[in-house]
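> Below you will find the structure I want to go over with you.
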Amino acid sequence: RESERQRGEGSLLLSVVHRVVSRFELELPKRESERQRGEGSDTGARHELANAKGESVEDRNKWAVLTLYEALNARDVERVQQLLAPDIEWWFHGPPEHQHMMRMLTGADEEETAATAFRFQPDRVAAFGFTVVAEGSAPDAAWVHAWTVAPDGIITQVREYFNTSLTITRVAASSASSKDPAGSTHCLPLWQSRRPDPPVKSFPGLVLAI
5 RESERQRGEG
15 SLLLSVVHRV
25 VSRFELELPK
35 RESERQRGEG
45 SDTGARHELA
55 NAKGESVEDR
65 NKWAVLTLYE
75 ALNARDVERV
85 QQLLAPDIEW
95 WFHGPPEHQH
105 MMRMLTGADE
115 EETAATAFRF
125 QPDRVAAFGF
135 TVVAEGSAPD
145 AAWVHAWTVA
155 PDGIITQVRE
165 YFNTSLTITR
175 VAASSASSKD
185 PAGSTHCLPL
195 WQSRRPDPPV
205 KSFPGLVLAI
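Counting from 5, one number per residue, gives the positions in the sequence shown under the numbering used here.
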């Protein structure tokens, strides 16, 4: 695409539509190669290859997210576009000055130098089905990403938390009993973010149910 080459590799050419406070929907342009081969053919091949190797869904999804971080830090536009859905949804909680992911995806950080650009280096990654959680820290912040990976291996959503204590739970149904014939639901804790060492300051706490 000529327009992408003119803008340089640092621009991912995403349009940002403001949905609610600190919530956006990011849209990637259709890749020419996708239109030529048929949408989803490449991701379907990767999915079949993963199954052939006996790879679990969680392992495949973690690989997709870790590959995305590598591509973002390297400003590899083509690779990022291969991993993200054209209508990826981004949700943010934290100080506005830490919206580094949005600036990366929109190319707004093009003027930043390699020394000043924010780099996402996850210290811990865990997968729970189609949800992949990554956690990392910087000198002045701690961050958590909760990615949603579709069955075809494409990333469709990211929930980003900066300077926020996050607990992830799984909603489960309780079996019916004499006291509660209809049964009820409860949340099982799966994952808890770590506090920076040394602690930076007190963080607000949120719960994400999956």
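Here a beta-carbon is modelled for each residue, glycine too, at the ideal position from N, C-alpha and C.
It should be emphasised that the depicted structure is a prediction, and the values quoted were computed from it without experimental measurement.
In or out: S197 buried (at least 16 other Cβ within 10 Å) or exposed?
buried
> Which residue comes first and which comes last in the alpha helix (DSSP H) that contains E62?
V61 to A78
> Roughly how many angstroms lie between the CA atoms of A150 and N167, to the nearest whole one?
14 Å
> Along the chain, where does the alpha helix (DSSP H) containing Q86 start, and where does it finish?
V81 to L87
> Which residue's Cα is closest to the Cα of T230: S60, A177 and D80?
As displayed, the chain neither begins before 5 nor continues past 214, which places residue 230 out of reach and without an answer.
> With R128 as the anchor, note down where its beta strand (DSSP E) starts and where it stops.
Unbroken beta strand (DSSP E) run through R128: R128 to F132.
> Taking Cβ positions only, does A131 come closer than 8 Å to chain C?
Absent from the structure is chain C; it holds one protein chain and no more.
> Is the beta carbon of E139 sitting closer than 8 Å to the one on V148?
A contact, by the Cβ cut-off of 8 Å.
> For the alpha helix (DSSP H) containing H102, list its first residue and its last residue.
Per DSSP, H102 belongs to no alpha helix (DSSP H) and is neither H nor E.
> Tell me, please, which residues DSSP counts as bridged to G140.
According to DSSP, which records beta bridges pairwise, G140 is partnered with W147.
> Could you spell out where the beta strand (DSSP E) holding T168 opens and where it closes?
It is not in any beta strand (DSSP E) - T168 carries neither H nor E in the DSSP assignment.
> Give me, in chain order, the residues of the same chain whose beta-carbon lies closer than 6 Å to that of V61; leave out the 5 immediate sequence neighbours on both sides.
none
> Which word fits G157, buried or exposed, when buried means at least 16 other C-beta atoms lie within 10 angstroms of its C-beta?
buried
> Measuring straight from C-alpha to C-alpha, what distance separates I159 and S206?
Each residue's alpha carbon lies about 31 Å from the other.
> Can W95 and M106 be called in contact, C-beta distance under 8 Å?
no
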